[in-house]
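Comments concern the structure below.
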Amino acid sequence: MTTTSHPPESRHSESELRTSWARERAELAGAQRPKRDRLVHEPPPASPPGTLVIENTNRPKIFVIDYDADVVAEKEIESVEECIPYLIDDRPSITWVDVRGLGHKPTFERLGEIFKIHPLALEDMVNVPQRPKADVYGGEHVLVISRMAQVNEHCALRTEQLAILFGKTFVLTVQEEAEWDVMGVVRERIRAGRGTVRTRGADYLAYALLDAVVDGFFPVLERMGDHIEDLELEVLEAKRPMSKPIHDLKRDLLTLRRAVWPQRDLVNALLRDDNPMISKDTRLYLRDTYDHAVQLMDMIETYRELSSGLMDLHLSGMSNRMNEIMKVLTIISTIFLPITAIAGIYGMNFHHESSPYNMPELDWYYGYPMVWLLMLASVVGLLSYYRRKGWLGKDDDGR
Amino acid sequence: MTTTSHPPESRHSESELRTSWARERAELAGAQRPKRDRLVHEPPPASPPGTLVIENTNRPKIFVIDYDADVVAEKEIESVEECIPYLIDDRPSITWVDVRGLGHKPTFERLGEIFKIHPLALEDMVNVPQRPKADVYGGEHVLVISRMAQVNEHCALRTEQLAILFGKTFVLTVQEEAEWDVMGVVRERIRAGRGTVRTRGADYLAYALLDAVVDGFFPVLERMGDHIEDLELEVLEAKRPMSKPIHDLKRDLLTLRRAVWPQRDLVNALLRDDNPMISKDTRLYLRDTYDHAVQLMDMIETYRELSSGLMDLHLSGMSNRMNEIMKVLTIISTIFLPITAIAGIYGMNFHHESSPYNMPELDWYYGYPMVWLLMLASVVGLLSYYRRKGWLGKDDDGR
Amino acid sequence: MTTTSHPPESRHSESELRTSWARERAELAGAQRPKRDRLVHEPPPASPPGTLVIENTNRPKIFVIDYDADVVAEKEIESVEECIPYLIDDRPSITWVDVRGLGHKPTFERLGEIFKIHPLALEDMVNVPQRPKADVYGGEHVLVISRMAQVNEHCALRTEQLAILFGKTFVLTVQEEAEWDVMGVVRERIRAGRGTVRTRGADYLAYALLDAVVDGFFPVLERMGDHIEDLELEVLEAKRPMSKPIHDLKRDLLTLRRAVWPQRDLVNALLRDDNPMISKDTRLYLRDTYDHAVQLMDMIETYRELSSGLMDLHLSGMSNRMNEIMKVLTIISTIFLPITAIAGIYGMNFHHESSPYNMPELDWYYGYPMVWLLMLASVVGLLSYYRRKGWLGKDDDGR
Amino acid sequence: MTTTSHPPESRHSESELRTSWARERAELAGAQRPKRDRLVHEPPPASPPGTLVIENTNRPKIFVIDYDADVVAEKEIESVEECIPYLIDDRPSITWVDVRGLGHKPTFERLGEIFKIHPLALEDMVNVPQRPKADVYGGEHVLVISRMAQVNEHCALRTEQLAILFGKTFVLTVQEEAEWDVMGVVRERIRAGRGTVRTRGADYLAYALLDAVVDGFFPVLERMGDHIEDLELEVLEAKRPMSKPIHDLKRDLLTLRRAVWPQRDLVNALLRDDNPMISKDTRLYLRDTYDHAVQLMDMIETYRELSSGLMDLHLSGMSNRMNEIMKVLTIISTIFLPITAIAGIYGMNFHHESSPYNMPELDWYYGYPMVWLLMLASVVGLLSYYRRKGWLGKDDDGR
Amino acid sequence: MTTTSHPPESRHSESELRTSWARERAELAGAQRPKRDRLVHEPPPASPPGTLVIENTNRPKIFVIDYDADVVAEKEIESVEECIPYLIDDRPSITWVDVRGLGHKPTFERLGEIFKIHPLALEDMVNVPQRPKADVYGGEHVLVISRMAQVNEHCALRTEQLAILFGKTFVLTVQEEAEWDVMGVVRERIRAGRGTVRTRGADYLAYALLDAVVDGFFPVLERMGDHIEDLELEVLEAKRPMSKPIHDLKRDLLTLRRAVWPQRDLVNALLRDDNPMISKDTRLYLRDTYDHAVQLMDMIETYRELSSGLMDLHLSGMSNRMNEIMKVLTIISTIFLPITAIAGIYGMNFHHESSPYNMPELDWYYGYPMVWLLMLASVVGLLSYYRRKGWLGKDDDGR
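Protein chains in written order, with this note's numbering: chain A, -8 to 390; chain B, -8 to 390; chain C, -8 to 390; chain D, -8 to 390; chain E, -8 to 390.
This is the structure in structure tokens:
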């Protein structure tokens, strides 16, 4: 396997990624354009499948939560070895090993040994980005690759990969960065003993985590919805060029779609497969998660259509303003060109002493007032012709 | 489950939601833009699945209709407890418990206990909005989540969620608001004993309700159809900027589509599943409902294509008017620019005493009339050139 | 069932419906825009499924054709009762009861009794419009709801619903209006004994009728094809604004598509179902009808793409003409603006007696001719610059 | 069956059909627009299915090729009867009856009798155009309706229907016209004994013919590809209006797509069906033909997308040229309007003797040169403002 | 089989093919437009299926890598015969015969004999281009036709066909050109014994090669992504006409899509088929390759949508610039046309001695200053009217 994980620096700049509306504010503030979310991972040459590509040497933070219906033990451990006692104790407790950060290759290799993870599974957990998916390894482990999304206080969209591997009595989660995730709600519930999570198996915990990931998309989409509504108003007001923000919105929606669509498929795969690892009861809950993922897809597709409509609205608005500008230019020309022409005629220097036909008007008693009348008449005539054609009327009434 | 129900105020403003054409009238009257139908529900942190999120403390109105072929009893009850006698009586009657409004959490919790509703089912009934769907719980209950649409006298589109849960002898319906629903036609039929509803089971009642929901979309779409026809005329008349109304129409159609599409799927799911809860006879009727849902989809898709065509028509119309404006500007320029230029030439002050070549025309006997002729000739020449190119001809005949 | 049939007046105006190209002629002749084909039927409140909604009290015309290989009896009957002898005679004859017009409710109720039609089937036959479909009722009756299209001598497109219900020995057809249908070819064949229709069963007659319906679309589409070809020429000639006719064409194609698409599905349903009502031999013929329906779909989709292309062609043509107009305006300005400016300069009144620098040109011997040369040079210079940029060249050669 | 074959004259003009690029040359040469390929066949009234509609009385040319591994006999026969000996001989030879031209009804009726062709099959072979398809009749005959395409030396696209009917020991092909087909390569191979065709059954011969038909599309598409490349260059050069050629290209691609898409389906149908008529070995070869048909589809879809892109390119190019024209107009106006205005001011006739404020500039010593400076300054100022805005810079550098 | 391989010269120019961004640089440097990747292969007349069409007489380079867990032998062989010993040795080694270049027909015919390749399989390996696919021949050989992509140091996209045929103990690869491929990483791994490739069967080697091919697309797409980002910036800066580069980008994406889409299908086919040739373990790895192919498809589709958005952005930008140009023209006209008109009026030569009404203004004491005021007032009035309409304000603030 030849997938490279991003080095920590680039990952950090990725975590700073802001969605279009944040980007704009940043740009107005003169900030640098942040690096875009990479779609591609470049394989290093000649690495066999199952190779872990970790260049970062920072140890990840590892938390263990071990619980049964009665007791919860929670601890941050320094070394992977410390989680072994929790796994092999004779109590039928569920152990959640929560690895935050993708660094220090030996840690992950040791994890692979402790949990007996298939090399391909371990590679998928560690080498990011992977496409969200669910796979069963050896009938004993289920690996779910998922993608979390979050908006922070600066409206910035952050996505990071979350790998959930679970067996009979344990759940192992690996996330890209230590700083944030959407799983806090599940930790809360375990600590407080809310709901039935404490009385159920590892499959239910895995479900709860996946559900938290899917539900984490809803606030992001709500933000998107508000943004679309704002853009719509702005497009109609036409105060600034809108094609860039609309394009950015479309790209953000594409990114979300690429994250959500396979998520739906993976939940479906978990539901469909006759997997003894997932109890019938948990399946019922997963159906609920599936419904939510479908609802997310619906929303994203709706937003995508709305954003296409926004571009049409914008183009039509620009066309409309062009028409208005042209109308004004035409009216200005209509008023002043005839005046200039008539005035030009009576500015000619024909010698009226050479011929009685040479501009006798210049000597008429009412010559000058008549020229004024002529100018007025031509302008009024043209304007009323426009009004009859509905141009001026429209400009007054319709706009 | 982490879905929040909207607090009653926001739900109320949602119920005031007006479709685009109503919105426009409202805007002309200086009214505020009403809040848009939310697509997203924000989950509260750390709530386990099955949590009912009801912050509203208003008790819902509850009606019980208990009937068999001979007798109908109808009563508004104050407390949920009052419906128990209807459920456990030894008569083989059908009991329809009709809950209107989503408030007062204890009421719904008690409902869950009385009807032994699965926590996930109860959550879906209470936490709105859900995607329309049909689920079977424990082989005993069928839950149908549906969405009603109605236009009121002000052309306002209202949608609200309707949950239909039915077992062997009862139907429980939960709707978002107490004020309106589309189920009046079914109540009428039960009271009057029209049709066969009184002699059939709970599954038939559930069908009848679902059928009323689906049929309730037809008047809404008829309104849409009229609106499209009006817009088409307006686009051709081009009295006002049409891109906003067309965009609003498209959004309304998207909303309807998102409501109807899953409706079709849920009817199909009820038809397809080998569900012992639904009798073979009712299945025949459901097939009819399915046909209607498909017909709705057909209509919505047709309207969507028509509205896309409207935008094209509008853009082409604007382009057309631009052409006309430009033509007028060109003709105006064509008439007056040559005149101005010629008049300018004979307005020069060359001293004809300095040279015989200096503007001898000014002394010619017919100089001035000849200049007039020259002006006329240049204008007529250009205009006839245009006519030969088909510009003026088109302006006269074609438009 | 809550579907309303259109009252006869509205149905009549629907029958007057003309497609776009007829509409245009009518509009040019100052005629009223005819009412559009309704997509929606408004259900009356509180009617149970199976309700026949017939407000028209005109009795339909009823014809009976009773035939076997040897004899054909054909008769118009006054009352439904008269068809009973044909049905119960001991001869193994096929009886085709041909009901033309949807009025007089008791007639249809009696029909339902005589033929023992399922209430839902009867409703679908009578309440129009229904989506084309094929259903089997009780393993004894097959109901086919279809839609006929015809162009009359005024190029008007007429569509009406045709319901075909057949059992072992009878076919019952119900059409919306008495005046026209596409089944004449089948009547002809029965009377003349052409082909094998007389020696086969009711399923073959039903097939023959359905085949006539499907084949009836071909002349309509041929008309459409001619119309598209005409529009293409007109778009290139650009004699009149074409966006309205193209939009109308698109709408007509949408209407046809909505009629044909489900037709294909219904033939497919008849083919696929293991229906003992349809003999293996007739299935072979139905396959042929299916091929024709698919061919219709192909054509309609091709026409739809062509009509989209027409709009592009039209928009590009308008853009092109705008370019030409702008070019002419620019050339006019280019010729006359420099002349006006130069003439204006030598029209200034600087007193050459005040300074030797004040317009000494006015006293030069060749001053005036030189100005003419200057004007000519500036105009020729600009025009040759344009020609070098390819503008004028293009105008001459390319267009 | 009610399909009309085209009368020979119209078919002839159809054979003269030229694709867009040929059409253009023809149009430039003042030639008539040739009739388009008809999509529709108009059924004559009241003809039962299985009716052969042949009005042409020209006898078709009939060739018989009878071969086994050792011997090939090839003969043009005058009457259908002559082919009977080849069919009933006791040698296990394969007989290919090759009928070229669709005329002389008795011939085809006799063919139907000799080969015992099902009436519907015979109808499909004779009444053109049919949609390409493959059908099995009575488990003994396989009918393949296909469509050949060819470009002749004048770049004209010709399509004609080819019907291939084969049984155990014979293949009967019927083509529309006698003049050309794409089956020459197969005849060559039989005569020369190249490949294994001589040692295999009738199914292999049918495959070989179908393969020749599919492969015959490749040169046509190569031509299309060249044409697209040429159009691309022309669009960029913008020497002539390109929307018509692009539209024609799109229509030609639609035509090809309508011909190829069902071809793929028919090969797939032959592959999929458990048809004892086609040997397992031949199936392997058909898979190859299927791959080629898919490759054709890929190409056509790619070309369709490219042609859509061409239209965008063209529209954008026109928009671009409009911008350039407008820029030139603006610059012309910018240069000459200020000059005209300033010159106009000093062309006013205020009497400086009436007031010291009346145009004292006219008496200044450097008045006239200063006006020149003023004019120059205003023009240079505006133009440098444009350059700062990037207009002129862009015009020079970017274009 | 009638597929022609390209003669070596044309293949060479194809290998020089540069993607759009490289093409542009080349064009700027005055280079020739390189020949485009041909989509079509022209069949020679009358060649039976299975014909190898090789006109090139250059012998291909042939390398043999023979390995088991312990030993690796690698050798370039001169003649095909030399590979026989590797194949028939009694060691259970895997033999990879790596043929580079498509020339010298006898070599390939001999290869076919040595490996007992089905004629159709051999034809597909040799006659390029084929659509990527996977076929099983005789249950013993699996043929995978694939397409490699690579960017060289000059950003040029190169694609060439790679055929992988494998049996129990050998893998035969045939590539179009000798110069480059993407399989170096696999050779590296075999030589160095990295990963498990040396301990596994021929199916695993085939997988490893296919995986290298699929992974080879990632850097190409990364390049595409960077290019899209660059284009986006350029479109916003609008320094040069962008429609050509966007069109080229779209065409390149189409090409990639045509290469990748069937690749995904072929991996799926290998996974799905119950093929005894592929071990269960290798299937697990192939699933990984499938995921990567799907990820490639996702990326390409995303890029396609982004490139469509780019075109919209570009068109909207052009429209925007047109609006700006028109605004400037209108403002220029607005400033100078009124001045010219007013100046023209007072440049008329009415004889004030003939009438007191004839231009008395010319004698007023403040006549000339008042005219200046009048001019100023009219210009300021119009400009402030524009500012009130938001034109100038927008020009200052918004842009």
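Positions of the beta carbon are idealized from the N, C-alpha and C atoms, including for glycine. In this text the structure is predicted, and so the values were computed from the model without any measurement.
- In this structure, F327/A lies away from L373/E, with their beta-carbon atoms at least 8 Å apart.
- Taking the beta carbon of M302/B as reference, the chain A residues within 7 Å of it are D303, listed in sequence order.
- Secondary structure note for I219/A: its alpha helix (DSSP H) is the uninterrupted segment F208 to E228.
- Approximately 5 Å separates the beta-carbon atoms of A193/B and V162/B; this is inside 8 Å, confirming the contact.
- Interface criterion not met: the Cβ of Y356/D is under 8 Å from no Cβ in chain E.
- Membership of D126/E in the beta strand (DSSP E) is indicated by the continuous run K124 to Y128.
- For the stretch 38 to 69 of chain B, the residues whose beta carbon sits under 9 Å from a beta carbon of chain A are, in order, S38, P39, P40, G41 and T42.
- DSSP places W252/D in no beta strand (DSSP E) but in the uninterrupted alpha helix (DSSP H) bounded by S234 to R263.
- Any Cβ of chain A closer than 8 Å to the Cβ of G372/E would place that residue at the interface, and such an atom is absent.
- When C-alpha distances from E65/C are compared across R248/C, Y77/C and I316/C, the shortest belongs to Y77/C.
- Distance from G92/D to E168/D at the Cβ level is roughly 6 Å; contact confirmed, criterion being Cβ atoms closer than 8 Å.
- For D172/A, no alpha helix (DSSP H) run applies, since DSSP gives it neither H nor E.
- Boundaries of the alpha helix (DSSP H) harbouring W363/D: G358 to K380, taken from the DSSP string.
- Under the DSSP assignment, K271/C falls in the alpha helix (DSSP H) whose first and last residues are K271 to I336.
- Within chain E, the residues T321 have their CB atoms less than 7 Å from the CB of V319/A, given in chain order.
- The residues D115, I136 and Q152, in chain order, have a CB closer than 7 Å to that of Q121/C in the same chain once the five nearest residues on each side in sequence are set aside.
- For E151/A, the enclosing beta strand (DSSP E) covers residues L148 to F157.
- The beta-bridge partner set that DSSP reports for D57/B consists of A64/B and T86/B.
- Under the Cβ criterion of 8 Å, Y359/A is counted among the residues facing chain E.
- Proximity of chain B to N340/A at the Cβ level (cut-off 8 Å) is accounted for by Y337, G338, M339, N340, M350 and L353, in chain order.
- The stretch 175 to 182 of chain A makes no contact with the stretch 233 to 249 of chain A, as fewer than three CB pairs between them are under 8 Å.
- Taken in chain order, the members of the stretch 263 to 291 of chain B whose beta-carbon sits within less than 8 Å of a beta-carbon on chain C are L275, Y276, R278, D279, D282, V285, Q286, D289 and M290.
- In the three-state scheme derived from DSSP, where H, G and I count as helix and E and B as strand, T98/D is classed as helix.
- S234, K235, H238, K241, R242 and L245: these are the residues of the stretch 234 to 246 of chain C whose beta carbon lies less than 7 Å from some beta carbon of chain B, given in chain order.
- In the structure shown, T190/C adopts helical secondary structure according to DSSP, grouped into three states.
- Close CB contacts of G129/D within its chain, under the 8 Å cut and outside five residues either way in sequence, are with H109 (chain order).
- Around the beta-carbon of K159/E, fewer than 16 other beta-carbon atoms lie within 10 Å, marking it exposed.
- At least one CB of chain C lies nearer than 8 Å to the CB of P232/D.
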